[in-house]
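Residue numbers (our numbering), protein chains in the order written: chain D, 3 to 354; chain R, 3 to 383; chain F, 155 to 235. A quick write-up on the structure given underneath.
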Amino acid sequence: MTTMTKKNYLRPLDIKHGRIDMGHGAGGRAAAQLIEELFVTALDNPYLRQGDDSASFAIPVGGRMVMATDGHVVSPLFFPGGDIGCLSVHGTINDVAMSGAQPLYLAASFIIEEGFPLNELKRIVDSMAAAAREAGVPVITGDTKVVERGKGDGVFISTTGVGVVAPGVDIAGVNARPGDVILLSGTIGDHGVAILSKRESLDFETTIESDTAALHTLVAAMLQADPGGVRVLRDPTRGGLATTLNEIAGQSGVGMVLEEAAIPVLPQVDAACELLGLDPLYIANEGKLIAICSPESADALLLAMRKHPLGGQAVRIGTVTEDPHHFVQMNTRFGGRRVVDWLSGEQLPRIC
Amino acid sequence: MKYIDEFRDGDIARKIAERLADEVQPGRNYSFMEFCGGHTHAISRYGIAELLPKNVRMVHGPGCPVCVLPIGRIDLAIQLALESNVIVCTYGDTMRVPASNGLSLVKAKARGGDIRMVYSAADALTIARQNPEREVVFFAIGFETTTPPTALAIRDAQRQGLKNFTVLSCHVLTPSAITHILESPEVRQYGTVPIDGFIGPAHVSITIGSGPYEHFAEEYRKPVVIAGFEPLDVMQAVLMLVRQVNEGRCEVENEFSRAVDRDGNFSAQALVSEVFELRTSFEWRGLGEVPYSALKIRPAFAEFDAERRFSLDYRPVADNKACECGAILRGVKKPTDCKIFGTVCTPENPVGSCMVSSEGACAAHYSYGRFRDIAIVAETA
Amino acid sequence: MCLAIPAKLVELLANEQAIVNLGGIRKEISVALVPGVAVGDYVIVHVGHAIGRIDPEEAERTLALFGEIAEFEAQQAEIAP
């Protein structure tokens, strides 16, 4: 007769109805169970299964290491097209990829509010796991803390990523030169509008979804098409396209001139911005990149981008100029010219 | 988007610009005041100034309700939030206007004030319904376009028997402001601010109609062209004003005929008169005390008047000495004439209200136009 | 002077509310200030309220006025040697 030994005398987590309590952050049995049954089960990889507080990996030979980190405080946690989980994975992969690096590993730390429902936490972690798997970049180490009710907005996630840049690749914000071409991988404003549509006071119906996506394979395709031609890469997140371009103009000590008619904006994003008095140029994107390249490389890069699922609408939007004041200017659809300035304060919907 | 895109056609803009170049009399200067902040914003955003002939100058007027909101009024709203534990609801525009003690609504929020941005007056009502144990005050600003929605909210609050909802009314009136400018010494006596005509507000006129401007045309002999907000509307209105000036006419013309008629929106006007009455005088930032220029809540709706419920005591506060908002609002000075423009006073650290609202002359110039102040070195194709 | 935008009224609701469609975005607004408005009308929306209607004929007339300038130019071009 076989006997089945009771395993651990532990009752499984009640994912359906359970909530995070202070015990889950105390480092004791409850915490270990949470990590094992929820995090490790979802994120599942050899590093996490070892159960150590850190992960060890070999440093690739040649090239340089790249590291990037992000805090994620998006509200609401679940939005059309994504959630804080996949957003955090995509965001850090993208930061690493923007230096031309191949992302290798992620670390994730969670600060969870007491009372947060376990089923929502599972949804978030599962989403992270799916995003990481799809991108081929595992989360190899992490941490969990719990704060008292009222001291945290549900959950905050912080992710750090490391990657490696191949020798000879030099992509950085200081590299733009007058005459260079500015490319954009697709429509702007989608993510921000998707989030705004869920904010209580602004509640409007739209089919717009966040564009959150991992861009590293798009970057790889571009570098393969023209290894030396890309000078700058950046993803226009908070503050939008306008802010990103102003940053680069400042870093490189150049000016820019954009063509408004060339910048792709979905009609509903346009409409939402009209309604609220916002400008799509300043609205966050989470699955787009801008590339500044040498003029000779523009065509080859655009071709490579358009072949990639995330770059189908890639387009040339402007040129880099010589300008001691580092202005980003734009030729408007209307026929005039204006400056596209830094964002001031928060973009608040206007009445007038 | 219908009724929007057609009015932004660049080719037609060029045609109108050519027409303007043809019709302006050489050697003669034309100065038109665009009253509305919305027009100021459109002119900057679409780069219309570049398409106008050199001898046509646009003078920015005080038609930006945020810009003319005196510090003392914002202080009242901040006081309610910080001292009386009131939920203060306001439109996004007011949040960053600098008030006394280095505070603004957004800074008061950081200090713990329960200040919430709403898109509509009706949202403030909803908040009042959802929080019956708290007092909710709606900080109401705006010209005649924005007043009917506030009146509606007060009427609905009465119908719903709400006990915790009041309005702090800072609604102001357009014709009074225009009169005040026309009566100002710089315009009337000194002639230092020549104004040959006005571009009349678009959406205010939907509510009040084109009728009220006839007084200015007759009394002060100044042409008025009511214009829509799209860039083609503005350019066409400038053309119509140039024609009036050339032909010596002083009429009220309506370019925005697709939305404005002579009478305006009667339902809206009736609702506003039911709920509001004129204040004998009201302080406007930059213009000082202006008679019969603002609205307060009638005694019949007294229980929805925040000034009564909280016994609010308005105290005027002087502007920062270096701030030229007042002169800029009257069209006497340009943003670049202000010593602290772009140095001490920037959109990040606004000293005066003209820099806060995206329609304020200073903010518009800073964001869209300041590159013209500086010669741009050669650019590549 | 105040941000207001023309949108198409697509559905009337109870309590003087309605749904408008602007470029594919749908939003619920109040139509209490424009009695008698009907589905298919274009209304001007300001802070969550319809404050007026667009007159389609006047809109056409205004656009035609802009177009006149183009015609005038063409005529001038014909007359000139």
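Yeah, the Cβ is synthetic: ideal placement off N, Cα and C, and Gly gets one too.
Are the CB atoms of Thr208 of chain D and Gly84 of chain D nearer to each other than 7 Å?
no
For the segment 67 to 122 of chain D, list the alpha helix (DSSP H) runs that are entirely contained and at least 4 residues long, ordered along the chain.
86 to 99
Taking 6 Å as the cut-off, is the C-beta of Val157 of chain D nearer than that to any heavy atom in the ligand PLP?
No copy of the ligand PLP occurs in the structure displayed, which carries no ligand at all.
Going by CA-CA distance only, name the one from D:Gly65, D:Asp128, D:Ile61 that's closest to Glu39 of chain D.
D:Asp128
Starting from the N-terminal side, write out each stretch of the beta strand (DSSP E) that is 3 residues or longer and does not extend beyond the segment 42 to 129 of chain R.
58 to 65, 89 to 92, 117 to 119
Taking 7 Å as the threshold (C-beta atoms), are Ile18 of chain R and Met357 of chain R in contact?
no
Nearest CA to the CA of His74 of chain D: which residue from D:Leu247, D:Glu288, D:Pro266?
D:Glu288
Output the distance between the C-alpha atoms of Ile205 of chain F and Pro150 of chain R, rounded to the nearest integer angstrom.
8 Å
Burial state of Thr5 of chain D, where buried means 16 or more other Cβ atoms lie within 10 Å
Here the model assigns Thr5 of chain D a pLDDT of 46, short of 50, so the residue's position is not dependable, and the following value carries that caveat. Exposed: under 16 other Cβ atoms inside 10 Å.
What span of residues does the alpha helix (DSSP H) with His193 of chain D cover, start to end?
192 to 198
With DSSP collapsed to three states, give me the class of Pro210 of chain F.
helix
Between which two residues does the alpha helix (DSSP H) carrying His182 of chain R extend?
176 to 185
Taking the C-alpha atoms as reference points, what is the distance between Thr345 of chain R and Val353 of chain R?
11 Å
For Leu237 of chain F, count neighbouring C-beta atoms within 10 Å of its own C-beta (all shown protein chains included) and say buried if the count is 16 or more, exposed if not.
The shown model of chain F, from 155 to 235, leaves out residue 237 of chain F, and the question about it has no answer.
Coil, strand or helix - Pro214 of chain R by DSSP
helix
Could you work out which residue in D:Glu298, D:Val271, D:Phe112, D:Thr321 is closest to Phe206 of chain D when comparing CA atoms only?
D:Val271
Determine, for Glu8 of chain R, whether the minimum Cβ-Cβ distance to residues of chain F falls below 7 Å.
yes
Taking Cβ to Cβ, would you say Met130 of chain D is nearer than 7 Å to Val76 of chain D?
no
Interface residues of the segment 319 to 341 of chain D facing chain R [CB-CB below 7 Å]
Thr321, Thr323, Glu324, Asp325, Pro326, His327, Phe329, Gln331, Thr334, Arg335, Phe336, Gly337, Gly338, Arg339, Arg340, Val341
Taking the straight line between their C-alpha atoms, what separation do you get for Ala380 of chain R and Leu82 of chain R?
Residue confidence is low: Ala380 of chain R scores 32 on pLDDT, short of 50, so the model does not pin down where it sits. No coordinate-derived value is stated.
What's the C-alpha gap between Ser359 of chain R and Ile208 of chain R?
23 Å
Cβ atoms of Ala132 of chain D and Ile250 of chain D: under 7 Å apart, would you say?
no
Mapping DSSP to helix, strand and coil, what is Cys295 of chain D?
strand
Contact check, Thr95 of chain D vs Ala244 of chain D, beta carbons under 7 Å
Inspection of the sequence shows that residue 95 of chain D is occupied by Ile rather than by Thr. No.
Contact set between Glu273 of chain D and chain R, taken where Cβ atoms lie within less than 8 Å:
Per the sequence presented here, residue 273 of chain D reads as Ala, with Glu not at that position. Going along chain R in sequence order, the residues near Ala273 of chain D (Cβ under 8 Å) are Met3.
Those runs of the alpha helix (DSSP H) which lie wholly inside the segment 197 to 270 of chain R and span at least 4 residues:
205 to 210, 216 to 222, 233 to 249
Helix, strand or coil: how does DSSP classify Lys335 of chain R here?
coil
Apart from the five residues on each side of it in sequence, which residues of its chain come closer than 7 Å, Cβ to Cβ, to Asn267 of chain R?
Ile208, Thr209
Taking the alpha-carbon positions, what's the Phe336 of chain D to Glu20 of chain R distance?
15 Å
Which class does Asp274 of chain D belong to by DSSP, given the choice of helix, strand or coil?
Before going further, note that residue 274 of chain D is Ala rather than Asp in the sequence given. Helix.
In this structure, how does DSSP classify Tyr5 of chain R when only helix, strand and coil are distinguished?
coil
Let me confirm a value: Thr148 of chain R is counted as buried when at least 16 other C-beta atoms fall within 10 Å, else exposed. Which label applies?
buried
According to DSSP, residues forming a beta bridge with Met258 of chain D:
D:Val322, D:Val330
If you draw a straight line from the C-alpha of Ala174 of chain D to the C-alpha of Val256 of chain D, how long is it?
14 Å
Does any residue of chain D have a CB that is nearer than 7 Å to the CB of Gly177 of chain F?
yes
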